[in-house]
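Peer 1: The structure's right below; bear with me while I get my questions together.
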Amino acid sequence: MRTHPFHAALKDALKAADDNQSRFAREIGTSQQLVSYWLNNGRPLPAEFVLAAEAAGFGSRHDLRPDLYPRDAEQAAA
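Its first residue numbered 71, the sequence shown is counted upward by one per residue in our numbering.
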């Protein structure tokens, strides 16, 4: 199994939820089973959940998915 480079950011986000997959899933609007799948298969947080995770306080969009939300784009908009 190959682990995606942004998988570590998902694990960090889960730590912000006190390592509680159910809480994390509930806060971002998905199931605990899907969160478990991402974690066990080396997946990153899917794009459709990044903003919800950020709003719930589980990390910034830039850290969770820097491929989709690069910090340079934020600086260019300022």
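Built from N, CA and C at the ideal position, the CB exists for glycine as well.
Along the alpha helix (DSSP H) that carries His-132, what are the first and last residues, could you check?
Peer 2: For this step, residue 132 is matched to residue 62 along the sequence shown. Run containing His-132: 131-134, per the alpha helix (DSSP H) assignment.
Peer 1: If Gly-112 sits next to Ala-86, beta carbons under 8 Å apart, how far is it from one beta carbon to the other, in whole angstroms?
Peer 2: Taking the sequence shown and counting its residues from 1, one reaches residue 112 at position 42. Taking the sequence shown and counting its residues from 1, one reaches residue 86 at position 16. That belief does not hold up - the Cβ atoms of Gly-112 and Ala-86 are roughly 19 Å apart, past 8 Å.
Peer 1: From Ala-78 to Ala-117, what distance separates their C-alpha atoms?
Peer 2: Position 8 of the sequence shown, counting from 1, holds the residue named residue 78. Position 47 of the sequence shown, counting from 1, holds the residue named residue 117. Going by the C-alpha atoms only, they are around 15 Å apart.
Peer 1: Go through its chain and collect everything with a Cβ distance to Asp-137's Cβ below 8 Å, but skip five positions before and after it.
Peer 2: Locating residue 137 in the sequence shown gives position 67, where the first residue counts as 1. The residues are Phe-76.
Peer 1: Would you mind sorting Gly-129 into buried or exposed? The rule is 16 or more other CB atoms within 10 Å of its CB.
Peer 2: Locating residue 129 in the sequence shown gives position 59, counting from the first residue. Buried, by the Cβ-count rule.
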